[in-house]
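A.B. asks: Sequential numbering from 712 applies to the sequence shown in the working numbering. No residue lacks a Cβ here, since even glycine has one placed at the ideal position from N, Cα and C. Since this is a predicted model, take the numbers as computed values, not measurements.
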Amino acid sequence: MLKKDRLVRDIRLVAKQVQEVVTKSRVPELEEAPEFDIIIVGGGTAGCVLASRLSEDPALRVLLVEAGGSGITVPFTRIPAALTKLFHTQHDYDLYTVPQSRAGGNPKYWPRGKMLGGCKYPFQCGAPSDYDEWARLGGEGASSWAYKDFRRYFLKFERYSPHKMFPSVDGSLRGSTGLIETGYFGNFSRWASDFVESCKEIGIPYRPDLNTIHGTTGTSKVLTYIDSKGSRVSTESAYLPEGVLKRPNLKVLIGTTTTRILLRSVDGETLAVGVELAKSEQGPRFVARARKQVVLSAGAIHTPQILMLSGIGPAEQLKQHSIPVVIDLPGVGSNLLDHPVVDVNFHAKKNVSINYLANPRTISEVIKTARAVFQYSWTRQGPLSTNLGESVAFVRSSDETLFPCAKYPQLPEDTTSGPDAPDIELFASPVAYKDHGYGAMPQPVGELVALHAVLLRPTSKGTISLKSSNPFDKPVIDPRYLDTQHDVDVLVKALQLLARILKTGPISSLLKHSDVHPDLDHRLSELSIEDLQKMVRERAETLYHPTSTARMVPRDQGGVVDASLKVYGVSNLRVADASIFPNIIAGHTAAPVIAVAEKAADMIKAVRD
């Protein structure tokens, strides 16, 4: 039997159709519905981890519900260079923010994977002090989220594969027995390699491994979720292989939307007793029972939406949409944080860029593309194995060796989690793009490359709110990009640092500086502070890292979950995804989400009847 046949498509196999409307006080026919011990809502990065780990206990009956389908059956999810081909397809929620008045004035496209396993780019854990900050912010019982304790979950999920190009990596600091293979696999272009050399030339230290107890500042090739066979790894491919799906106590329902969590008052206590499900907006509703717990792992956008649809959230907003208020929890959907990125693009000399892969226009580019396809098909190497962002540098905007006080004014606010934590990320791509790959680029498209500046610790905070009480309506997303001057100032310093890097020998020698096309940035070093500020506001886009919309902080401080990830006021409803982050980490979010899911699984399995 093929793996895809083990995924449940017929909702009637795991849930019961209901004829009446589910209300706050009445859950019709629930007692007759199929029962599970634990129901997990959302089969993305965290959900697959939870389903796999919880179903290891044969006594636990587990249901995982995912709105999309299988990710590993879609070829573009496995080819590293092709991940953006999923944008604006059925495998993408195709979300947009409201117009961003301080960031270009237009809505911003927010791609979010609609499939099992979610999507991942570089493996990066954030700074150790980020998790010490979580322990400080998390309230009572949050000490186990400090790095010294939480680190074991990074090691638990990782299986690091050494690479001959990086022999100095200390394998004892990497996970070796986990389910997710990581390593320095994937294309390493000359552009990315010389970016590292240029960073070293201006004083950014080289570190072969930016994911250890020794901190994250420095420059290196990125550690990737590309395995030794050249395929991108997801939590579906790692945690839900054939053997796991065969478990009789695990059901994975796909193509199904969770319309709300079913709540009931029992002896004066509000409990999550199941979920309401639907295949389509106009289709019938179904219910499934949860005997022990419901876990929301729908991500920083859809988790708060589902909570609010269920009657948990800001009372005034729920009343606005005629949703009965079960728990007045103002923190639901607030404190939205994301990493904004500013891209700068350049015309490269021949054979530096791999931009031709996106749309070969000449006979030469067609031949190079065919050669790349053949190479990847036979060896799983070459341009199609690119992680897009191939090399990286993490720095502090307060680092006086990079930003001397005499030339760069110091910022009034340090938003980092500790003295060794970065607030700027720079990375290099052997491709250039606009609007997430869908904007028009100047000719010659096949010879363009890019550098990118990322704000890691923003102070601008946004919201997720409801458009209506219809669960099939997309939520209202307002990240409020660049709401604070601090965020603009840090990104300006990041662009100034890129301008210095571009003037160094290694990377400068790869560019055609004579190109003065207005959409290219060869004159970056000549721009004034005002010009750079304008560039930041016009170009800021998402790096796909929304967090913190159901924060793990005390309730009276806007929190939604406690240190055990239980939703305040509902003792058997938990959240395990990026929405629980007390603050956004100074790095990429997939690894900490997997670690959160691993820890959540341990906490849930520790609960006894």
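#1: Under a Cβ-count criterion, where at least 16 other Cβ atoms within 10 Å of its own Cβ denotes burial, should ALA1132 be classed as buried or exposed?
#2: Would you say LYS932 and VAL907 are within 8 Å of each other, going by their C-beta atoms?
#3: Return helix, strand or coil for GLN1016, following the three-state DSSP convention.
#4: Which two residues bound the contiguous alpha helix (DSSP H) that contains SER840?
#5: Within 10 angstroms of its Cβ, does THR1090 collect 16 or more other Cβ (buried), or is it exposed?
#6: Can you tell me which of the three DSSP states GLN1004 falls into?
#7: Using beta-carbon positions only, say whether LEU1001 and ALA989 come within less than 8 Å of one another.
#8: Report the rounded CA-to-CA distance for PRO791 versus GLY754, giving the unit in angstroms.
#9: Classify ASN1070 as buried or exposed, calling it buried when 16 or more other Cβ atoms lie within 10 Å of its own Cβ.
#10: For HIS1163, which of helix, strand or coil comes out of DSSP?
#11: Hey, quick one: how far does the beta strand (DSSP E) through ASP1189 stretch, first residue to last?
#12: Could you spell out where the beta strand (DSSP E) holding ASP748 opens and where it closes?
#13: Is it the case that the Cβ atoms of ILE749 and VAL1006 are separated by a distance below 8 Å?
#14: Just tell me which of TYR1279, ILE1023, LEU1208 and THR893 has its CA closest to the CA of LYS867.
#15: Taking only runs of the beta strand (DSSP E) that begin and end inside the region 833-902, which ones reach a length of at least 3 residues, in chain order?
#16: Cα separation between VAL760 and LEU951?
#17: Can you list, in chain order, the stretches of the beta strand (DSSP E) that have 3 or more residues and sit fully within the region 765-834?
#18: From what residue to what residue does the alpha helix (DSSP H) around GLY1216 run?
#19: Using a Cβ-Cβ cutoff of less than 7 Å, which residues in the same chain neighbour GLY816 once the five nearest sequence positions on both sides are dropped?
#20: Determine the burial state of ASP1146: buried for a count of at least 16 other Cβ atoms within 10 Å of its Cβ, exposed for fewer.
#21: Considering only residues of the same chain and omitting the five flanking positions on each side of ALA744, which have a CB-CB separation below 7 Å?
#22: Which of the three DSSP states, helix, strand or coil, is assigned to ALA949?
#23: Please state whether DSSP places GLU980 in a helix, a strand or coil.
#24: Below 8 Å on the Cβ atoms is my guess for ALA903 versus PRO1141; work out the distance and round it to an integer in Å.
#25: Assign VAL1227 to buried or exposed, taking buried as 16 or more other Cβ atoms, counted over all protein chains shown, within 10 Å of its Cβ.
#26: Excluding the 5 residues flanking PRO1041 on each side, which residues of the same chain have their C-beta closer than 6 Å to its C-beta?
#27: Could you check the C-alpha separation between LEU713 and THR1258 for me, to the nearest Å?
#28: What is the DSSP secondary structure of GLU992, counted as helix, strand or coil?
#29: To the nearest angstrom, how far is it from the Cα of ASP1273 to the Cα of LEU1099?
#30: Starting from PHE1085 and walking both ways along the alpha helix (DSSP H), at which residues does that stretch end?
#31: Tell me, to the nearest whole angstrom, how far the beta carbon of THR967 is from that of VAL776; I am working on the premise that it is less than 8 Å.
#32: For LEU771 and LYS962, which I take to be in contact (beta-carbon distance under 8 Å), what is that distance rounded to the nearest angstrom?
#33: Is it buried or exposed, GLN1004, if we count other Cβ atoms within 10 angstroms and call 16 or more buried?
#34: DSSP three-state label for ASP716, please.
#35: Which full runs of the alpha helix (DSSP H) of 4+ residues lie inside the region 1112-1197, going along the chain?
#36: Sort HIS802, GLY914 and SER1290 by Cα distance to GLY824 and report the nearest one.
C.D. replies: So, to answer that:
#1: The count along the sequence shown starts at 1 and reaches residue 1132 at position 421. With at least 16 other beta carbons inside 10 angstroms of its own, ALA1132 counts as buried.
#2: Within the sequence shown, numbered from 1, the residue matching residue 932 stands at position 221. Within the sequence shown, numbered from 1, the residue matching residue 907 stands at position 196. Taking 8 Å as the Cβ cut-off, LYS932 and VAL907 qualify as a contacting pair.
#3: Here residue 1016 refers to the residue found at position 305 of the sequence shown. Under the three-state reduction of DSSP, GLN1016 is assigned to helix.
#4: By 1-based counting over the sequence shown, the position of residue 840 is 129. That run of the alpha helix (DSSP H) goes 839-848.
#5: Translated into positions along the sequence shown, residue 1090 becomes position 379. THR1090 counts as exposed, since fewer than 16 other C-beta atoms from the protein chains shown sit within 10 angstroms of its C-beta.
#6: To locate residue 1004, count along the sequence shown from 1; it is residue 293. In this structure, GLN1004 counts as strand in the three-state DSSP scheme.
#7: As a position in the sequence shown, residue 1001 is number 290, starting the count at 1. As a position in the sequence shown, residue 989 is number 278, starting the count at 1. As written in the sequence, residue 1001 is Ala, which differs from the Leu given in the question. Their beta carbons are not under 8 Å apart, which means ALA1001 does not touch ALA989 by this criterion.
#8: Counting from one through the sequence shown, the residue named residue 791 turns up at place 80. Counting from one through the sequence shown, the residue named residue 754 turns up at place 43. Linking PRO791 to GLY754 through their CA atoms gives a straight-line distance of about 21 Å.
#9: The residue you call residue 1070 lines up with position 359 of the sequence shown. That one is exposed.
#10: Counting from one through the sequence shown, the residue named residue 1163 turns up at place 452. HIS1163 sits in a strand when the DSSP states are folded into three classes.
#11: Translated into positions along the sequence shown, residue 1189 becomes position 478. First-last of the beta strand (DSSP E) with ASP1189: 1187-1189.
#12: Taking the first residue of the sequence shown as position 1, residue 748 is located at position 37. For ASP748, the enclosing beta strand (DSSP E) begins and ends at 746-752.
#13: Residue 749 sits at position 38 when you count from the first residue of the sequence shown. Residue 1006 sits at position 295 when you count from the first residue of the sequence shown. Cβ atoms of ILE749 and VAL1006: closer than 8 Å.
#14: Indexing the sequence shown from 1 puts residue 867 at position 156. For the residues TYR1279, ILE1023, LEU1208 and THR893, the minimum Cα distance to LYS867 belongs to THR893.
#15: Those beta strand (DSSP E) runs which fall completely within the region 833-902 and span 3+ residues are 869-872 and 891-894.
#16: Translated into positions along the sequence shown, residue 760 becomes position 49. Translated into positions along the sequence shown, residue 951 becomes position 240. Rounded to the nearest angstrom, the two C-alpha atoms are 8 Å apart.
#17: The region 765-834 contains these whole beta strand (DSSP E) runs: 773-776.
#18: Here residue 1216 is taken as the residue at index 505 of the sequence shown, counted from 1. Residues 1216-1219.
#19: Working through the sequence shown from its first residue, we reach residue 816 at position 105. When the five nearest sequence neighbours on each side are left out, the beta carbons in the same chain lying within less than 7 Å of the beta carbon of GLY816 are those of PRO810, in order along the chain.
#20: Within the sequence shown, residue 1146 is the residue found at index 435, counting from 1. So ASP1146 ends up on the exposed side.
#21: Position 33 of the sequence shown, counted from the first residue, corresponds to residue 744. Answer for ALA744: ALA726, LYS727, GLY985, VAL998, ALA999 and ARG1000, listed in chain order.
#22: On the sequence shown, position 238 is the one that residue 949 refers to. In the structure shown, ALA949 sits in a helix (DSSP, three-state: H, G or I).
#23: Position 269 of the sequence shown, counting from 1, holds the residue named residue 980. Strand.
#24: The residue given as residue 903 occupies position 192 in the sequence shown. The residue given as residue 1141 occupies position 430 in the sequence shown. The distance from the Cβ of ALA903 to that of PRO1141 is about 6 Å, consistent with a contact at the 8 Å cut-off.
#25: Here residue 1227 corresponds to residue number 516 of the sequence shown, with the count starting at 1. So VAL1227 counts as exposed.
#26: Counted from its first residue, the sequence shown places residue 1041 at position 330. These residues qualify, in order along the chain: PRO1025.
#27: In the sequence shown, residue 713 corresponds to position 2, counting from 1. In the sequence shown, residue 1258 corresponds to position 547, counting from 1. Note that LEU713 scores a pLDDT of 45, beneath 50, so its modelled location is shaky; the value from the coordinates is reported in the next line. Take the alpha-carbon of LEU713 and the one of THR1258: they are about 35 Å apart.
#28: Position 281 of the sequence shown holds residue 992. In the structure shown, GLU992 sits in coil (DSSP, three-state: anything other than H, G, I, E or B).
#29: As a working mapping, residue 1273 is identified with position 562 in the sequence shown. As a working mapping, residue 1099 is identified with position 388 in the sequence shown. So the two alpha carbons sit approximately 37 Å from each other.
#30: Along the sequence shown, one-based indexing puts residue 1085 at 374. Going by DSSP, PHE1085 is part of the alpha helix (DSSP H) stretching over 1074-1090.
#31: Working through the sequence shown from its first residue, we reach residue 967 at position 256. Working through the sequence shown from its first residue, we reach residue 776 at position 65. At roughly 6 Å, the Cβ-Cβ gap stays under 8 Å, so THR967 and VAL776 are in contact.
#32: The residue given as residue 771 occupies position 60 in the sequence shown. The residue given as residue 962 occupies position 251 in the sequence shown. Not really, about 12 Å apart at Cβ, beyond 8 Å.
#33: Taking the sequence shown and counting its residues from 1, one reaches residue 1004 at position 293. GLN1004 comes out buried.
#34: Within the sequence shown, numbered from 1, the residue matching residue 716 stands at position 5. ASP716 carries a helical assignment under DSSP once its states are collapsed to helix, strand and coil.
#35: As far as the region 1112-1197 is concerned, it has no whole alpha helix (DSSP H) run of at least 4 residues.
#36: Residue numbering aside, residue 824 sits at position 113 when the sequence shown is read from its first letter. Here the closest residue by C-alpha is HIS802.
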